[in-house]
Amino acid sequence: MLLFLDIDGPLIPFGAPDGAYPEFERGGGTGGHPLLGRVDPRLGAELVALGCELVWASTWMDDANAVLAPWLGLPPLPVVPWPDEDAPPALTHWKTRPLVEFAAGRPFIWIDDEITEADRAYVAVHHPAPALLHRVDHDYGLTPADFTALREWLSRNLPH
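For reference, each letter of the sequence shown is one residue, going 892 to 1051 in the working numbering.
Following this line, the structure appears as structure tokens:
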């Protein structure tokens, strides 16, 4: 089971009305990235515990492995390559089609803060395997309730 992981929103919360984010510091500080301290380093272990193959699905590209993976205690992860094309606006998110192509028929979870019903409809029509498109509230990032929903979906969709 693949787990496509976006960074801005799910891991780095932004836009909360009160602007009060927890600040985390690990080891030698935040590695120079001004928002890295908002990322709870314990999320890495929680993501690994889901038992999925983690894949970066973010515009951070390889910077995710240089900056985020060490912060989260993760090894370097595969990165979804994004097309260099300027396609006309579509109803679906620009990531949707490349993620379906990358999955190549394998079951997947996509964690992002910009998923819409149009993305779910596209995946339902174009992807033959189970897929969970899990929208995270960018104000707070991944929460315990999100992990509960992910574990429940996995328990219903992983072979036993």
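For every residue, glycine included, the Cβ atom is placed at its ideal position computed from N, Cα and C.
Remember, it's a predicted structure, so these values are computed and weren't measured experimentally.
Q. Is it right to say Met-892 is buried, meaning 16 or more other beta carbons lie within 10 angstroms of its own, or is it exposed?
A. Looking at its Cβ environment, which holds 16 or more other Cβ atoms inside 10 Å, Met-892 is buried.
Q) If Ala-955 and Val-970 are in contact, beta carbons under 8 angstroms, what's the gap, nearest whole angstrom? A) In this structure Ala-955 touches Val-970 by the C-beta definition: roughly 7 angstroms separates them, less than 8 angstroms.
Q: Would you kindly work out how many angstroms separate the C-alpha atoms of Ser-949 and Leu-896, rounded to a whole number?
A: Here the alpha carbons of Leu-896 and Ser-949 stand approximately 7 angstroms from one another.
**Q.** Coil, strand or helix - Glu-914 by DSSP
**A.** In the three-state DSSP reduction, Glu-914 falls in the coil class, being neither helix nor strand.
Q) Val-1016 lies in the alpha helix (DSSP H); which residues open and close that run? A) Segment 1008-1017, the alpha helix (DSSP H) holding Val-1016.
Q: Return the CA-CA distance between Glu-944 and Asn-1048, expressed in angstroms with no decimal places.
A: Rounded to whole angstroms, the separation of the alpha carbons of Asn-1048 and Glu-944 is 15 angstroms.
Q. Closest to Ile-1002 by CA distance: which of Leu-926, Arg-988, Arg-1026 and Glu-914 is it?
A. Ranked by Cα distance from Ile-1002, the first of Leu-926, Arg-988, Arg-1026 and Glu-914 is Arg-1026.
**Q.** With 16 other Cβ atoms within 10 Å as the buried cut-off, status of Ala-904
**A.** A small correction: the amino acid at residue 904 is Pro; Ala does not occupy that position in the sequence shown. Flag for Pro-904 reads buried.
Q.
Based on DSSP bridge pairs, tell me the residues matched to Glu-944.
A. By DSSP's assignment, Glu-944 forms a beta bridge with Leu-893.
Q. Does the Cβ of Leu-1023 have 16 or more other Cβ atoms within 10 Å, making it buried, or fewer, making it exposed?
A. For Leu-1023, the number of other beta carbons within 10 angstroms of its own is at least 16, and it is reported as buried.
**Q.** Local conformation of Leu-965 per DSSP, three classes
**A.** The answer is coil: DSSP assigns Leu-965 none of H, G, I, E or B.
Q.
Just to confirm my understanding: we take His-1029, look at its own chain, exclude 5 residues before and 5 after, and list those with CB closer than 7 angstroms. What are they?
A. Taken in chain order, the residues that qualify are Gly-900, Pro-904, Phe-905, Gly-906 and Asp-1004.
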